[in-house]
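Residue numbers (my numbering), protein chains in the order written: chain A, 4 to 328; chain B, 5 to 342.
Where is the CB? At the ideal position from N, CA and C, for every residue including glycine.
Values in this document were obtained by computation on a predicted structure and should not be read as measured data.
A quick write-up on the structure given underneath.
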Amino acid sequence: MTQVLRTEDLRLYHNTARGQLRAVDGVSLSIARGETLGLVGESGCGKSSLAKCVVGLDAPTSGTLEVAGVTPGKSRAMRIARAQAVQMVFQDPSGALNPRLSVARIIEEPLRVHGTGTAAERRAQVAELAQKVGLSDYHLPRFPHELSGGQRQRVSIARALALNPALLVCDEAVSALDVSVQAQVLNLFISLQKELDLTYLFISHDLSVVRYVSHRIAVMYLGRIVEIGPAEEVFHRHLHPYTRALVAAIPGDEALGEEAALLEGDVPSPVNPPSGCAFRTRCPHTRERCAADVPHLRDLGNGLQVACHFAEEFIRPEDMPQAAG
Amino acid sequence: MTTNAPAPLLEVDRLKVSVSRTVPIVEDLSFAIAAGETVGLVGESGCGKSLTALAIMRLLAGNLSVTSGSIQLDGEELTKLPEERIRSLRGDKMAMIYQEPLTALNPVMTVGAQLVEVLRTHRKMSKREAAARAVELLALVRIPDPAARFNEYPHRMSGGMRQRVVIAMALACDPKLLIADEPTTALDVTVQAQVLRLIKQLQREANLGLLLITHDLGVVRQVADRIVVMYAGSVVETGTVAEVLGSPRHPYTVGLIAARPSGSFAVDAQKLVEISGSVPSPEARPKGCVFAPRCPNAQDDCRASRPHLLPTTGSHELRCLHPMPASTPLSAPVGMPS
């Protein structure tokens, strides 16, 4: 399987007045062609920082990053190559679209920037892209403010697909949409993936959405991946106490029980993270070793990797590794 | 409702809110909240949820007004009260929690000073009494080290802490009615769970009537006793949480539930059920049932005239001529194009 994205010990540090902020702190992951990797975590956990490194809006401090087999660099040719390999869909479609440009012009923009084809060829390509994302000729001369939120997000997706990228980074791409429209856009992402063999890095704070679209899920906490594996393994076995807390916090079928273990407090500052396991300050199972040693990702069967010293203790008998179904 | 039942705390009756007094945005909206009860008001953006809250608080923007219907709080007709009386009720007998705590708080005042302001306005307390009470309130909403936090500015606090401060302000004068407009939407899930639990506990302790406005059916299921589902300005379905979410009848409610991802596409290859199209703008609402253009069950009679909200079984009420059968299973896609 070809890896469309590969990172090795990727780090992104920012120097702030209060010290060094470790936004991404040693992330190693890969995504195969046609696969969706869902990335979840609370705000401030480094999801968006990782996305920015991948699309090139931020340069990593250290570590390796490979997009579609090439290591992006600073030269013009390399920047062009990266833009053609990876594109991004943002959370707020109104903020991501130029209000003074028509839909057709917005979708055409990347093609113009990259000098693709003649005007007539580009026009035909724009019409084709619009159709792919479920927009009609009627929408092409319109301006963003004349469209609904869902339609605007379709325009963002069409624009992202214009250069035929291998990888699409979707940063909270459906979070601003109403449930009924969210379903339309999620279905669109899935059918486009099949049609175009697209690879997604799908970032969301909403675990139900991530579980639905992803083949694999990575859970991030304070710049590090604490659990990663096949979507259903992560969702059901959730051997890291943080993942378990995220799953428990999904508003769902159970009436809000007093007994459900909820996390206390907030994510600590990434400028001054706790020693050892970064989650230990909020973890109900924290022990001495957690403050001393940094836990690393360990294999726990069925492709699930967990960064917790005591992950084995959380294996429930009914969840013992079995053939993936 | 039987005649000897106690009068509800809040009673909204056939409320109509219009723009420029001509275009109705909220139409024929009726619901009631008893003391100690939580009513969840759900619907997508633009359905009129927040306007309803603002109409109750009498905080509608200048071009919006209540054009008919009534809102009664504890027997007092809010729509006709003089401005002065409303001002004294707001923050006192009825209070509101907003979605975005950062904009609800004054950035140049410490959180303590903001709490003191509420208490001094409504309770005529001395500065010292008010400050002591403010620290108590911060402790009530489980803010660690409340005495130190009293002197903190909002930007120095996390989102969850700020929302706790907003809750403390809302509860400062022991209101009878609390309106929470998307109180946890801007928060992370783990913090959302904490704040929901806190609101629920405080409500129980003080026997508050709570109107919880949200787009998230999961939140309603967890917190509310009764649910009011709104679509394009009117109530389409209402009843207890068990009635409406356990056996939804209106195609819109059914669609809302089914549109929410609940499994994994990679595993069961099940597409999400879409509700095609989008919510019509208030000027473009159809003559008949407002949901008809998006409804899989729509027939000619739906497009002819607006259906009425009618009782079905128990307290379950429905505004639909061709509802889903009563036994509609929740998980299966229900006759919608996918």
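Contacts of residue 192/B in chain A (Cβ-Cβ under 7 Å): 45, 46 and 208
Strand pairing of residue 275/B, partner residues [DSSP]: Note: residue 275/B sits in no beta bridge, so no partner.
Rounded straight-line distance, which links the Cα of residue 242/B to that of residue 43/B: 10 Å
Distance between residue 278/A and residue 140/A (C-alpha atoms, nearest Å): 57 Å
Cross-chain neighbours of residue 279/B in chain A, by beta carbon under 7 Å: 183
Residue environment, residue 275/A, which counts as buried when at least 16 other CB atoms sit within 10 Å: exposed
Residue 219/B: contacting residues in chain A (beta-carbon distance under 9 Å): 181 and 182
Below-9 Å beta-carbon distance, residue 174/A vs any chain B residue: Cβ-Cβ to chain B under 9 Å: no for residue 174/A.
Residue 198/A at chain B interface by Cβ criterion, 9 Å: Answer no: the Cβ-Cβ gap between residue 198/A and chain B never drops below 9 Å.
Burial state of residue 74/A, where buried means 16 or more other Cβ atoms lie within 10 Å: exposed
For residue 307/B, the nearest candidate out of 124/B, 295/B, 316/B and 315/B (CA to CA): 295/B
Helix, strand or coil at residue 191/B [DSSP, three-state]: coil
Bounding residues of the alpha helix (DSSP H) (the contiguous stretch that carries residue 196/A): 182-199
Residue range of the beta strand (DSSP E) that includes residue 69/A: Residue 69/A -> beta strand (DSSP E) spans 65-70.
Element boundaries [alpha helix (DSSP H), containing residue 156/A]: 152-164 is the span of the alpha helix (DSSP H), which, as asked, contains residue 156/A.
Span separating the alpha-carbon of residue 313/B from that of residue 18/B: 11 Å
Coil, strand or helix - residue 12/B by DSSP: coil
Uninterrupted beta strand (DSSP E) stretches inside the region 60-145 of chain A (no shorter than 3 residues): 65-70 and 89-92
Residue 260/A (DSSP reduced to helix, strand or coil): Its pLDDT being 49, under 50, residue 260/A is placed unreliably in this model, and the coordinates cannot settle the point.
Segments assigned beta strand (DSSP E), at least 3 residues, entirely inside the region 10-89 of chain B: 14-23, 27-37, 42-46 and 68-77
Close-in-space but distant-in-sequence residues of the same chain around residue 259/A (CB under 7 Å, 5 per side omitted): Note that residue 259/A scores a pLDDT of 48, beneath 50, so its modelled location is shaky; the value from the coordinates is reported in the next line. Excluding positions up to five away in sequence, the list is empty.
Closer than 7 Å at the beta carbon, the chain A residues around residue 210/B: None at all; the shortest Cβ gap to chain A is about 17 Å.
Within chain D, partners of residue 275/A - CB distance below 8 Å: The structure shown contains no chain D; the protein chains it does contain are A and B.
Residue 244/A (DSSP reduced to helix, strand or coil): Helix, per DSSP.
Cutoff 9 Å: residue 223/B Cβ touching any chain A Cβ: At least one chain A Cβ lies under 9 Å of residue 223/B.
Residue 37/B versus residue 182/A: straight-line alpha-carbon distance, rounded: 26 Å
Amino acids of chain B, ordered along the chain, whose beta-carbon sits closer than 8 Å to that of residue 253/A: 193 and 222
Rounded straight-line distance, which links the Cα of residue 326/B to that of residue 300/B: 10 Å
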